[in-house]
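For reference, the structure discussed in these notes is given below.
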Amino acid sequence: MSSRATSKRWLWMAPFVATGLVFVGCSSDDDDGDDGLDIDVEPGTVLSVSADAAPSIDGNGSDAAWANAPALDFTTAGGANSGSSTGTIKSVHTADSVYFLVEWTDPTESLERFPWVKGDDGSWSQMGDTASHDANEYYEDKFAFIWNINSSIATFDAGGCAVTCHAGEPNKPYGNKYTASAGEIGDIWHWKGVRSNPEGYVDDQWLDDTRWSEDTGSAGRHSDSKDSGGYVNNKNEAGDAPVNGGSTPPYWVHATDAQPFNDADYAAGDQVPGITIERPTGDRGDIDGKGVYAGGKWTLEIGRKLSTGSDKDVQFGDLTAEYKFGVANFDNAQVRHAMAPGVQTLRFGE
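Going by our numbering, the sequence shown opens with residue -19, and the numbers climb by one from there.
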């Protein structure tokens, strides 16, 4: 990688360095509010405490289990629209599963992802920039963890997920995501406010060293395998109108409720959702997740089995080990995410 690309990749961190906010720290003992028990935790560490009962994955965040978990404060920067956020992460675990409660600030709830609109001439078009894969207006809010599977990504444990971001490449305005070498694998937990949230899951993806090409437009990013389900664009074969009918809001059609599109049902200015959604079965759908937006922030609850058996997933079978991960959030942005600097650590406690 060129020094020019490397400098661009880290340029967004300059405000943190200048203000001394390079590290993500845990809540102090003097913080107000319910930040969990008075437990000493290393800076940048999420301590997952044992819970007698699993929290409900409903985006409420009020389960008793969360009261016993210390909160990790984080700050992100460098993204589109609002550009930065503050938030907290908590974790609990049971005998077979791990859970996370994530809250982060966002000035708006963004759900209008590429809706169809009928024109005065009777034609249909999708709102927003659907061609560049760099939309920042008619899109959705998102959140992501990236885990270093088996410490395979050589520089991740020091630099975090930023080491997989490659800016300055000519084929992508915001850059590509991939690891440096063959065998370096990351696990991406990608919550999507429109495409996955209404179906109650986090999109399970993975990362390797694939570079961008005409045939590999997503570079190193891949989706886990699935047996059925998933989301598809609500677009007919000609690409000039929806295939399923509906009205907005909501800005999605559940596959189980889908009805054939009938142009005669709509007047000029009417909208139809741009996406049809269904929770995938198989590896891609093995992470539960539900987010709720209120009071200028998202509250997201996540749950997954400690061990899934997939080589594309991080495995938490060893509760004495530490697990490195990165944090990113997307404010109504397709790819231009904000990111927490450095690396975060998950550690399991009693």
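No residue lacks a Cβ here, since even glycine has one placed at the ideal position from N, Cα and C.
If you're wondering where the values come from, they're calculated on a predicted model, not measured in any experiment.
Where DSSP assigns a beta bridge to residue i, which residues make up the other side?
i	result
GLN239	DSSP lists no partner for GLN239.
TYR79	VAL72 and GLY283
PHE54	GLY67
CYS141	Answer by DSSP bridge pairing: none, since CYS141 is not bridged.
GLU302	ARG327
VAL294	For VAL294, which the question treats as bridged, DSSP gives no partner whatsoever.
SER193	THR196
SER105	VAL97
VAL21	The partner list for VAL21 (beta bridge, DSSP) is empty, contrary to what the question assumes.
SER203	GLN185
ALA124	HIS170 and ALA308
Please classify residue i: does DSSP put it in a helix, a strand, or coil?
i	result
ILE267	coil
SER131	helix
ASP184	strand
PHE136	helix
TRP46	helix
ASN177	helix
ALA147	coil
ALA244	helix
VAL315	coil
LYS98	strand
ILE37	coil
GLY155	coil
ILE165	coil
HIS113	coil
TRP232	coil
TYR118	coil
ARG(-11)	Caution is warranted here: a pLDDT of 37 is assigned to ARG(-11), below 50, making its placement in the model unreliable, and no coordinate value can be reported.
VAL91	According to the sequence as given, residue 91 is Leu; it is not Val. The answer is coil: DSSP assigns LEU91 none of H, G, I, E or B.
ASN224	strand
THR288	coil
ARG389	Because the chain is modelled from -19 through 330, residue 389 falls outside the range shown and cannot be assessed.
VAL307	strand
VAL333	Outside the modelled stretch of the chain, which goes from -19 to 330, sits residue 333, for which no answer is possible.
ALA274	strand
ALA31	coil
LYS172	strand
Quick one: residues in its chain with C-beta nearer than 8 Å to the C-beta of residue i, no 5 flanking neighbours on either side, listed in chain order?
i	result
GLU330	VAL29 and SER30
TRP(-10)	Low confidence applies here, because TRP(-10) scores a pLDDT of 34, under 50, leaving its location unreliable; read the following figure in that light. Same-chain partners within the cutoff: ALA142.
SER105	TRP96, VAL97 and GLY99
Roughly how many angstroms lie between the CA atoms of residue i and residue j, to the nearest whole one?
i	j	result
MET107	SER36	36 Å
PRO150	ASP38	41 Å
PRO230	TRP278	18 Å
GLY262	LYS206	5 Å
SER193	ASP100	39 Å
THR135	ALA142	10 Å
THR74	SER132	27 Å
HIS317	GLU89	16 Å
ASP76	GLY283	11 Å
THR55	TRP84	9 Å
ALA301	ASP293	16 Å
ALA111	VAL26	38 Å
SER8	VAL21	Interpretation of SER8 is limited by its pLDDT of 32, a score under 50 that renders its predicted location unreliable; no figure is taken from the coordinates.
ARG327	LYS70	11 Å
SER290	ASP237	31 Å
ASN130	ASP245	54 Å
ARG264	SER103	36 Å
MET(-19)	VAL233	With a pLDDT of 38 at MET(-19), under the threshold of 50, the modelled position of this residue cannot be trusted; read the value that follows with caution. Straight-line Cα distance between these residues: approximately 42 Å.
VAL323	TRP186	18 Å
Got a sec? Which residues, its chain only, sit under 6 Å from residue i by beta carbon, not counting five neighbours each side?
i	result
PHE125	TRP169 and PHE305
GLN295	SER287
THR68	ALA51, ASP53 and GLU83
TYR79	PRO35, VAL72 and GLY283
THR66	THR55 and THR85
VAL272	GLY39 and THR279
SER208	THR261
Please find out if some non-hydrogen atom of the ligand SAM comes closer than 7 Å to the beta-carbon of residue i.
i	result
THR110	Although the ligand SAM was asked about, the structure shown includes no ligands whatsoever.
Once you ignore the five residues that flank residue i on each side, which residues in its own chain have a CB closer than 7 Å to its CB?
i	result
ASP189	TYR158, THR159, ALA160, SER161, ALA162, GLU164 and GLY200
PRO87	SER62 and GLY276
VAL212	THR256
ALA33	ALA45
GLU217	none
For chain D, check one thing: does any of its Cβ atoms lie closer than 8 Å to the Cβ of residue i?
i	result
GLU217	The chain inventory of the structure shown lacks chain D, comprising one protein chain alone.
Counting Cβ pairs, one atom from each stretch, are 3 or more of them under 8 Å apart for the stretch 111 to 130 and the stretch 84 to 97? yes
Is it the case that the stretch 308 to 321 contacts the stretch 56 to 67, given that we only count it when at least three CB pairs across the two stretches are under 8 Å? yes
Three-pair Cβ contact test at 8 Å for the stretch 253 to 263 versus the stretch 148 to 165: no
So, do the stretch 209 to 224 and the stretch 234 to 253 have three or more beta carbon pairs nearer to each other than 8 Å? yes
Please determine if the stretch 196 to 204 and the stretch 246 to 255 are in contact, where contact requires at least 3 C-beta pairs separated by less than 8 Å. no
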